[in-house]
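Numbering (my numbering), first residue to last: 14 to 258. We put the beta carbon where it would ideally sit given N, CA and C, even for glycine. The model shown is predicted, which means the values in this text are computed figures rather than measured ones. Read through the structure below, which is laid out as structure tokens, and then see the notes.
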């Protein structure tokens with residue numbers, strides 16, 4: 014049984030008892046507390062239903078994506094996202110979206126605290142975003158894992174199963190290409206991202222967390238070449254750039 018339903022139910026029951034006591038004994042302080050507990054318990058019970066919580070997450074995510082989409086469209090950015098892990102110059106993982114097709118990454122200008130990279134050289138200009146998948150990894154940072162390229166598949170599968178996102182991760186290395194396949198559980202995020210053609214520019218929290226882990230383990234800057242959905246299967250293709258953190 015869902016623990017939230019139990020807590021919510023107890024709040025409602027205790028609130029009813031306290032409200033009845035306060036009403037009949039003219040102790041309106043208890044009556045008000047009872048009404049408050051009933052409201053709180055009802056909210057907890059509503060939030061305990063997984064679909065309801067998921068719909069809230071979808072709404073919040075969609076609002077954020079709409080903002081990103083407007084920025085990308087207004088600047089007419091056609092490049093795919095470039096994932097940069099932590100390093101000497103940056104303290105937090107970022108996604109860099111170059112404005113020019115023939116771009117150049119100037120790490121001296123990259124700062125996770127800014128939104129727009131400005132430079133006299135237009136090839137170095139671009140947008141900087143904080144990946145939505147980063148918060149997922151921060152939750153797991155409390156646990157100690159010795160992650161490397163050999164146990165990468167196991168760790169990625171652990172992340173997907175831990176958050177109930179999916180399963181069956183397969184990672185394949187081909188020279189400077191990295192191909193990742195996995196099964197996703199709920200594809201509502203994917204439908205919007207694929208429709209808006211944003212997956213390669215700004216991946217969702219599931220693909221984003223996977224790509225961040227790969228970039229972190231390899232300590233390499235990765236270009237998102239392709240994110241393709243086929244049924245409940247997702248295929249991610251990454252290209253390792255020469256730059257190394």
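- Boundaries of the beta strand (DSSP E) harbouring residue 186: 179-187, taken from the DSSP string.
- Non-local beta-carbon contacts of residue 238 in its own chain, meaning distances under 8 angstroms to residues more than five positions away in sequence, involve 93, 190, 213, 250, 251, 252 in chain order.
- Residue 139 has 111, 130 as its beta-bridge partners, per DSSP.
- In this structure residue 233 is buried. Its beta-carbon is surrounded by 16 or more other beta-carbon atoms within 10 angstroms.
- Within 10 angstroms of the beta-carbon of residue 222 lie 16 or more other beta-carbons, which makes it buried.
- In terms of Cα proximity to residue 141, the closest of 119, 160, 31 is 119.
- Residue 22 and residue 47 have their alpha carbons spaced roughly 13 angstroms apart.
- Exclusion of the five residues before and after residue 145 leaves 218, 221 as the residues of its chain whose Cβ lies within less than 6 angstroms of its Cβ.
- Taken through DSSP and simplified to helix, strand or coil, residue 253 comes out as strand.
- Looking from the CA of residue 235, the closest CA among 30, 31, 88, 98 belongs to 98.
- About 7 angstroms separates the CB atoms of residue 168 and residue 226; that is less than 8 angstroms, so the two are in contact.
- Only residues of its own chain outside the window of five on either side were considered, and among them 47, 51 have a CB closer than 7 angstroms to the CB of residue 29, listed in chain order.
- In the DSSP assignment, residue 106 falls outside any beta strand (DSSP E), carrying neither H nor E.
- For residue 246, the three-state secondary structure derived from DSSP is strand.
- Here residue 145 carries a coil assignment [DSSP, helix/strand/coil].
- Contact annotation: the stretch 128-140 does not touch the stretch 176-187, with fewer than three C-beta pairs closer than 8 angstroms.
- The residue among 206, 243, 85, 121 with its C-alpha nearest the C-alpha of residue 194 is 243.
- When C-alpha distances from residue 149 are compared across 116, 215, 203, 172, the shortest belongs to 172.
- Contact between residue 109 and residue 127 is absent: CB atoms are separated by about 11 angstroms, not below the 8 angstroms threshold.
- For residue 167, the enclosing alpha helix (DSSP H) stretches over residues 165-175.
- Annotation: the continuous beta strand (DSSP E) that includes residue 96 extends over 95-97.
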